[in-house]
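Below: one structure, written as structure tokens.
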Amino acid sequence: MAVIVFLAGASRIFPHPPNFSPILAIALFGAAHFSKKWQAVFIPMFAVWLSDLFINNFVYSNQGTGFIWFYSGFYWQYASYLIIIMSSILVFKNKISISKTFGASLGSSMAFFLLSNFGVWAGSGMYMKNLGGLTACYVAGLPFLQNTIVSNVLFTTVLFGSYYLIQVQYSSLKNENLQYS
């Protein structure tokens, strides 16, 4: 499972449209499938951080700024990932179903949109610090929401579906405490 998560995280380095990323799907997958909950939190977050480290220092390196361990405002995105992982642990507690997976995919897309855009509004000088500025920030983020939803549904389907098919083929990978329906 960890290999699947890290491969999905590594896919971020390839060119893709804005906000078309497997990160939210990784969070959902980890929350649903890792039986040790510390792994459900740590492994997806570590995969995100490693891919951020590579992207920030090699793909989009800033000349002369030195090595970037964390980008500005990272805590808003990472907080949204943690909230999504923790809530998904509850959603997928003992059962994975298509409806739960689809609902979690849409819900996590919305949670990420709301938190990350709130962070842009709160942490930058781009918008006035009032309700109008917050609204303008959310409106400006709407074009990115479509890619977030589409990529999350797509990558969630690929991760959950491929792992389910692998479990059918190799029964030793099945988690006896987790039911699929």
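Quick note: the sequence shown uses the working numbering, first residue 20, plus one each step.
Beta carbons are placed, not taken as given, at the ideal position from N, Cα and C, and that holds for glycine.
Item, Value
"If you follow the alpha helix (DSSP H) that Asn149 is part of, which residue opens it and which one closes it?", "Taken as a continuous stretch (DSSP letters only), Asn149 belongs to no alpha helix (DSSP H), as it is neither H nor E."
"In three-state DSSP terms, what is Ile115?", "strand"
"When DSSP builds the beta bridges, which residues end up paired with Gln198?", "Lys114"
"So, Phe131 versus Ser99, is the Cβ gap smaller than 8 Å?", "yes"
"Should Asn38 go down as buried or exposed, given a rule of 16 or more other Cβ atoms within 10 Å for buried?", "buried"
"Under 8 Å between the Cβ atoms of Ala51 and Phe111?", "yes"
"Report the three-state DSSP secondary structure of Thr84 (helix, strand or coil).", "coil"
"CB Leu47 to CB Ser128, shorter than 8 Å?", "no"
"Work out the CA separation of Tyr189 and Leu164 for me, nearest whole Å.", "37 Å"
"Nearest-angstrom Cα distance between Gly206 and Asn75?", "Past the boundaries of the shown model lies residue 206; the chain is included only from 20 to 200, so the question cannot be answered."
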